[in-house]
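Data first, discussion second: the structure below is written as structure tokens.
2 protein chains.
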Amino acid sequence: MKFEVTILGSSSATPIFNRNPSAQVLNVNERLFLIDCGEGTQQQLLKNGIKAQRLNHIFISHLHGDHYLGLVGLLSSLHLYGRTRPMYVFGPPELKEILDIQFKYSQTELRYPLEFYATQAEKNELIYENPDIRIETFPLEHRIPCTGFRFNQKKRLPKIIKEKVEELGIPIEMIPLIKRGIDFTDKKGVVHAAAELTQEADPPRSYAYCSDTICNWKYIDQIQGVSTLYHEATFMHDMSTRAAETFHTTSLEAAQIAAKAGAEQLLLGHFSARYRELEPLQEEARTVFANAKLALEGHTFAV
Amino acid sequence: MKFEVTILGSSSATPIFNRNPSAQVLNVNERLFLIDCGEGTQQQLLKNGIKAQRLNHIFISHLHGDHYLGLVGLLSSLHLYGRTRPMYVFGPPELKEILDIQFKYSQTELRYPLEFYATQAEKNELIYENPDIRIETFPLEHRIPCTGFRFNQKKRLPKIIKEKVEELGIPIEMIPLIKRGIDFTDKKGVVHAAAELTQEADPPRSYAYCSDTICNWKYIDQIQGVSTLYHEATFMHDMSTRAAETFHTTSLEAAQIAAKAGAEQLLLGHFSARYRELEPLQEEARTVFANAKLALEGHTFAV
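So the protein sequences, as listed, match chains S and Z.
Taking the working numbering, the leading residue of the first sequence gets -3, the next gets one more, and so forth.
Taking the working numbering, the leading residue of the second sequence gets -3, the next gets one more, and so forth.
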């Protein structure tokens, strides 16, 4: 099952040429989830060959412009494309007001239903569930209310052992039943226990998105054991005072959090425009957490 | 005196890779005026080496997203850059509400004064004046209220004849006075009439911006005799029905308007994403108006 993230933007608020503000697309079993939607996200989708029409769920962490200013344009374009399927938008309650006023004054009556779910910045919450995944929010600590998102793959059914299918001539329509624990009786009347025909599925994987936040460790429980952690790393650690003042995290702190959470992989992002070269941020993080990578635009990472 | 326009974006609402929505910078004697501010304008300014800090006046024609969605990001970045000088924004009254709500929820208290001037879509109005230029609005006819802008260079003082300066040894501090009509008495006591020392200034030039509008000829008086006309040409003329339905203009119609207005130069823009190649729009316009050009991004045109 595919579970990967493509970075569309990982720059912080001040613009820098050829880097884009926060946006990324999570592909979970070919369902696409857009996380944050900074200005220019539409162009970034086009550039990366991702059809905006495939999106059905959009998650906005908070109401700083570099995380949501591309949303009205994207939603308007989907309207112009003639979309009729609903779009589900999850974000701070005030986002609805911001969207409504702009559609009102542009006299845009969306051709598709816009289903808005107000997130709660002060507590953990399960906000979405489908057969593959559960999505939870948790509080981050930034200058304004901000939520993190955690995407948890569900425990999957065991996998059928291919050799057994051939050996016993198991009909294809039996396979889903066997996975659910029903024993198989072959043509000779011999019963084969489901447990002998299957093996454990791969353990569920998970992805957490933490941008923007001061490094205060309060959300460490919410990201515990995550497979891949995207964490903001706006500054290098020599600017830790500035990071704290602006409620941001340093690259070193992001690595410490990843280590403490027992993450397998750390993606660093939300880079300040002061850094023309980003490798030093990666090097700094790797002094603490070896599997730290830069969330560079256009790159796709398996979760 | 410099009077030129640089195109930052000339695409219409539906996004297309590597083309940007409406935005352009008019340079009048090194004062920069931003006209419309579609999503991604900040990036386009960076790409074209135009410092956003040099902008003091922004003009928004109407509240369709492809004409203003880059504004909150741009104004926020100027705040982050530490700007203290006022920024003057001219646009539909509801734009103020759209800006205010977003600054409110992002808890952004701009470090600089934002001076907002509500334009009136139903009548002509002088909205700005400085020693070089007068800026007027006039009504266009679109799906929502929309104004055109006309930038009129003021009649300039006559030019001093350089040969006379040398011949008569005219001191440099006398030149502005002579331009204002004060005669010059040389060392021998001979009086030289100001009129003999000067020649007529170049005739004042003007720039008109018409996007978006149906072709209804009602604004022809307002653009009469304009030096350079920027006019939307969303479609080619084989789509004139669709153009009228959507309150847009075809390339042929834009050329007819330029001809009727007696413009010297026509810049075509606001191209539909359906046109991958834009030259046919230029060719169509040139069948009626020879000096028609595509307002391509990154190009600068003398007004």
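Glycine included, C-beta positions come from ideal geometry on N, C-alpha and C.
Residue i versus the options, residue with shortest Cα-Cα distance
i: S:T143; options: S:L74, S:E35 and S:H63; result: S:H63
i: Z:A251; options: Z:T237, Z:E228, Z:R27 and Z:N14; result: Z:E228
i: Z:A117; options: Z:L91, Z:F99 and Z:Y108; result: Z:L91
i: Z:Q38; options: Z:I31, Z:L59, Z:N14 and Z:L67; result: Z:L67
i: S:K43; options: Z:E26, Z:N16, Z:Q278 and Z:I168; result: Z:N16
i: S:Q278; options: S:H295, S:T246 and S:A257; result: S:T246
i: Z:G5; options: Z:K(-2), Z:G165, Z:L65 and Z:H53; result: Z:L65
i: S:E26; options: S:A291, S:K47 and S:Q40; result: S:K47
i: S:I219; options: S:E169, S:N14 and S:R146; result: S:R146
i: S:K150; options: S:N287, S:I97, S:S7 and S:S202; result: S:S202
i: Z:T224; options: Z:T209, Z:L264, Z:T80 and Z:I54; result: Z:L264
i: Z:S7; options: Z:G34, Z:K184, Z:L22 and Z:R81; result: Z:G34
i: Z:K(-2); options: Z:Q195, Z:P200, Z:P276 and Z:V161; result: Z:P200
i: S:L136; options: S:Y205, S:F55, S:D96 and S:K184; result: S:Y205
i: Z:E163; options: Z:S102, Z:I178, Z:E192 and Z:K175; result: Z:E192
i: Z:T237; options: Z:Y215, Z:I210, Z:K214 and Z:I216; result: Z:I210
N-terminal and C-terminal residue of the alpha helix (DSSP H) that residue i is part of
i: S:F311; result: Since the first and last residues shown for chain S are -3 and 299, residue 311 of chain S lies out of range.
i: S:T237; result: S236 to E241
i: Z:I171; result: I171 to K175
i: Z:V161; result: K158 to L164
Extent of the continuous beta strand (DSSP E) run through residue i
i: Z:S202; result: S202 to C206
i: Z:E192; result: Run containing Z:E192: none in the beta strand (DSSP E); it sits in the alpha helix (DSSP H), A190 to L193.
i: S:V1; result: F(-1) to G5
i: S:Y226; result: T224 to E228
Between the CA atoms of residue j and residue i - distance to the nearest angstrom
i: Z:E260; j: S:D234; result: 58 Å
i: Z:G221; j: Z:V1; result: 18 Å
i: S:V186; j: S:D198; result: 29 Å
i: S:S73; j: Z:L153; result: 49 Å
i: Z:P127; j: Z:R282; result: 36 Å
i: S:H266; j: S:S207; result: 7 Å
i: Z:M232; j: S:G258; result: 59 Å
i: Z:Y113; j: Z:G87; result: 7 Å
i: Z:T10; j: S:Q49; result: 13 Å
i: S:L274; j: S:E293; result: 12 Å
i: Z:S57; j: Z:S18; result: 10 Å
i: S:P141; j: S:H295; result: 29 Å
i: Z:K289; j: Z:E280; result: 11 Å
i: Z:Q40; j: Z:I171; result: 41 Å
i: Z:E125; j: Z:I97; result: 30 Å
i: S:I178; j: S:Q195; result: 14 Å
i: Z:G61; j: S:S102; result: 7 Å
i: Z:A190; j: Z:I156; result: 9 Å
i: S:Q20; j: S:N120; result: 22 Å
Close-in-space but distant-in-sequence residues of the same chain around residue i (CB under 6 Å, 5 per side omitted)
i: S:I12; result: A269
i: Z:A298; result: E0
i: S:R139; result: F243
i: S:L51; result: L28 and L30
i: S:L262; result: L225, A254, F285 and A288
i: S:N148; result: R130 and S202
i: S:V24; result: F(-1), D128 and I129
Cutoff 8 Å; reference residue i; Cβ partners in own chain excluding five residues on either side
i: Z:A255; result: V284 and F285
i: S:Y108; result: L74, H75, R79, T80, R81, P82 and M83
Close Cβ partners of residue i (< 7 Å) along its chain, the five nearest in sequence each way excluded
i: S:A239; result: T230, F231, T245 and T246
i: S:T104; result: S72 and H75
i: S:L122; result: R130 and E132
i: S:G69; result: Q38
**Ordered list of beta strand (DSSP E) runs contained in the region 85 to 145 of chain S, each at least 3 residues** = Inside the region 85 to 145 of chain S, DSSP marks whole beta strand (DSSP E) runs of 3 or more residues at positions 110 to 114, 121 to 125 and 129 to 135, from first to last along the chain.
**Asked** Can you give, in chain order, each stretch of the alpha helix (DSSP H) that sits fully within the region 25 to 75 of chain Z and has at least 4 residues?
**Response** Runs of the alpha helix (DSSP H) spanning 4 or more residues and lying entirely within the region 25 to 75 of chain Z occur at 37 to 43, in chain order.
**Request:** May I have a chain-ordered list of the beta strand (DSSP E) segments no shorter than 3 residues that lie completely inside the region 254 to 297 of chain Z?
**Result:** Fully enclosed beta strand (DSSP E) runs of 3 or longer: 261 to 265 and 288 to 290.
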